[in-house]
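To start, the structure under review is shown below, and the notes come after it.
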Amino acid sequence: MFRLYDTRTRSVEEIIPARRGELRMYTCGPTVYRFQHVGNLRSYLLSDLIRRNAERHGLSVIVCQNITDVGHLADDDEIDPEGEDKILAEARAEGKSALEIARFYEDAFRADCRLLNIAPPDFAPRASESIGLMTDLIATLIDSGHAYAADTGSVYFDARSFADYGAISGNRLDSLRPGYRFEGDVDEHKRFHADWALWKGAPTGRELTWETPWGTGFPGWHTECSAMSLQYLGNVIDIHTGGIDLRFPHHEDERAQSNSVAGRDVVRHWVHGEHVLLEGRKMAKSTGNVVLLADLADRGLDPLAARVAFLEHRYRQQLNLTWQTLEAADGTLRRWRERVATWANEPSKPMRADYAARIFGALDDDLDTPAAMRALRELAKDDQVPAGSKFETFVAVDQVLALDLPRDIGRVPAPQALPDGAEDLLEARVAARAEKDFAASDRLRTQLADLGVAVADTPEGQTWSLTR
Ligand code: AMP
Ligand code: ZN
Numbered sequence: 275m276f277r278l279y280d281t282r283t284r285s286v287e288e289i290i291p292a293r294r295g296e297l298r299m300y301t302c303g304p305t306v307y308r309f310q311h312v313g314n315l316r317s318y319l320l321s322d323l324i325r326r327n328a329e330r331h332g333l334s335v336i337v338c339q340n341i342t343d344v345g346h347l348a349d350d351d352e353i354d355p356e357g358e359d360k361i362l363a364e365a366r367a368e369g370k371s372a373l374e375i376a377r378f379y380e381d382a383f384r385a386d387c388r389l390l391n392i393a394p395p396d397f398a399p400r401a402s403e404s405i406g407l408m409t410d411l412i413a414t415l416i417d418s419g420h421a422y423a424a425d426t427g428s429v430y431f432d433a434r435s436f437a438d439y440g441a442i443s444g445n446r447l448d449s450l451r452p453g454y455r456f457e458g459d460v461d462e463h464k465r466f467h468a469d470w471a472l473w474k475g476a477p478t479g480r481e482l483t484w485e486t487p488w489g490t491g492f493p494g495w496h497t498e499c500s501a502m503s504l505q506y507l508g509n510v511i512d513i514h515t516g517g518i519d520l521r522f523p524h525h526e527d528e529r530a531q532s533n534s535v536a537g538r539d540v541v542r543h544w545v546h547g548e549h550v551l552l553e554g555r556k557m558a559k560s561t562g563n564v565v566l567l568a569d570l571a572d573r574g575l576d577p578l579a580a581r582v583a584f585l586e587h588r589y590r591q592q593l594n595l596t597w598q599t600l601e602a603a604d605g606t607l608r609r610w611r612e613r614v615a616t617w618a619n620e621p622s623k624p625m626r627a628d629y630a631a632r633i634f635g636a637l638d639d640d641l642d643t644p645a646a647m648r649a650l651r652e653l654a655k656d657d658q659v660p661a662g663s664k665f666e667t668f669v670a671v672d673q674v675l676a677l678d679l680p681r682d683i684g685r686v687p688a689p690q691a692l693p694d695g696a697e698d699l700l701e702a703r704v705a706a707r708a709e710k711d712f713a714a715s716d717r718l719r720t721q722l723a724d725l726g727v728a729v730a731d732t733p734e735g736q737t738w739s740l741t742r
């Protein structure tokens, strides 16, 4: 099958789905208060690559990805229940309602995913529409002694009730001192400083609040991913993905909640994508150095150039993006599409086993996409491989890479028929050049010219055109 790096076990693991023939994957989705930058999109590309590669192995893949439209506070540590909700803050800034903001940026996110060929999830629950799921989860956690309600209307998870806390990130409870993770005051309603709010009591009049047995309020961000993943994917989830920054506290908290409800380790493999830097600095809205897909279009680049740039690096390495990288990626995309269209004019031939093994083996080896890209470049240039065979390989691997490589088929004119005997001479010349017999290659060039065929040597191999 295939292998992925599991953040929890800190090793590359063979992925064997719990259910035969079916892979279930949960992907932490966006908080919809702004356009997603290409850094965010790289995190979603990770789960798309896992999905496409798993489907290549014949697995049916079920993906759930949440939409956070309430409850994600600007203060990531989330100790302040009065803290600013990212969506409410943007609503105020833009003079709109919270849900207008949320739906607008959700639509923009889906449009970006379409442009990047990121397949839509099978389930895309919104936090604001999953409140019942969350309050049920919280009630279960209170009943089983994992959570407690304060008289403020907030409900906290009792971190010390979950012995395995910290397994993903290594941030064990005994090393989490106040002031390390928490800046500012520790919420006095917590029994223990590392407890976190599952539900946040809110002052009346605040937008997006709900009535509960504990009081009026809104859900904590970590609550939704447990409630939704258990609801849509069940108690056994093969893979959970997200950006590396979600490892802690988001995924630790989610794991504690889900496992406490299910009475078992719910997620079998945690897979995280590394960050994108732009010209050396972390891409983040707060620092203003972001690239949106729209910025690529403004520069005349295909949005899929971003996908190429990501594929040139392994998902768990930081990627320092520059405009030069994106322009080079755009060039690769155009060149490969043109090549595929040209090869499509030749008779189809089976894939060459050696290249196929290298390319698909690289994808199975913890998504080593850079190795797959290198092998494709070599294949494109390899004079020994017939065009029809290159065509089949590029089209097959594009099922996973999803770069729309066959897009220009039909746009490159079919070659005119070669004069009798020219085919053999062309083949003989390729062989002569491979043996560095340049005298023979020049002689063959002259013979071809006499037949009306001009040959040229390009980085991608020998090409020809008719002169009459
Ligand atoms: P957010 O919308 O802020 O919740 O972030 C959405 C996703 O993007 C999360 O999975 C983050 O881990 C991820 N993310 C945020 N910044 C970056 C970055 N610079 N590079 C890659 N992923 C990022
Ligand atoms: Zn999540």
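In the working numbering, the protein residues as written are 275 to 742.
Think of the CB as a built atom: it goes at the ideal place given N, C-alpha and C, for glycine as much as any other residue.
Asked	Found
Residue environment, residue 216, which counts as buried when at least 16 other CB atoms sit within 10 Å	The question about residue 216 has no answer, for the chain in this structure spans 275 to 742.
Residue 502 CB to nearest heavy atom of the ligand AMP below 7 Å	no
Spatial neighbours of residue 702 in its chain, beta-carbon cut-off 7 Å, leaving aside the 5 residues before and after	718
For residue 612, the nearest candidate out of 506, 291, 681 and 386 (CA to CA)	681
Contacting residues, own chain, Cβ-Cβ under 6 Å from residue 564 (five flanking each side not counted)	311 and 557
Residue 732, enclosing beta strand (DSSP E) - first and last residue	727-732
Local Cβ density within 10 Å of residue 339, reported as buried at 16 or more and exposed below that	buried
Helix, strand or coil at residue 367 according to DSSP, with G and I counted as helix	helix
Whole-angstrom C-beta distance between residue 427 and residue 475, which should lie under 8 Å	3 Å
Whole-angstrom distance between residue 345 and residue 479, CA atom to CA atom	16 Å
Three-pair Cβ contact test at 8 Å for the region 382-396 versus the region 481-500	no
Residue range of the beta strand (DSSP E) that includes residue 495	First-last for residue 495: 495-507, but that is the alpha helix (DSSP H), not the beta strand (DSSP E).
Alpha helix (DSSP H) segments (min. 4 residues) lying fully within the region 372-440	372-389 and 405-417
Residue 542 vs residue 519 beta-carbon contact at 8 Å	no
Sequence-distant residues of its chain with Cβ nearer than 6 Å to residue 284 (five each side left out)	none
Residue from 735, 297, 697 and 292 whose Cα sits closest to the Cα of residue 332	297
Beta carbon of residue 583 nearer than 8 Å to that of residue 567	no
Burial state of residue 722 (16 or more Cβ within 10 Å)	buried
Proximity test, residue 302 beta-carbon vs the ligand ZN heavy atom, cut-off 7 Å	yes
Residue 517 CB to nearest heavy atom of the ligand ZN below 7 Å	no
Residue 499 beta carbon near the ligand ZN (any heavy atom closer than 7 Å)	yes
Nearest-angstrom Cα separation, counted from residue 573 out to residue 326	29 Å
According to DSSP, residues forming a beta bridge with residue 629	Looking at the DSSP assignment, residue 629 forms no beta bridge with any residue, so it has no partner.
Bounding residues of the alpha helix (DSSP H) (the contiguous stretch that carries residue 743)	Past the edges of the chain, shown from 275 to 742, lies residue 743, and the structure says nothing about it.
Residue 626 versus 503, 658, 293 and 530, residue with shortest Cα-Cα distance	658
Cβ pair residue 662, residue 620 closer than 8 Å	yes
For residue 471, the three-state DSSP class (helix, strand or coil)	strand
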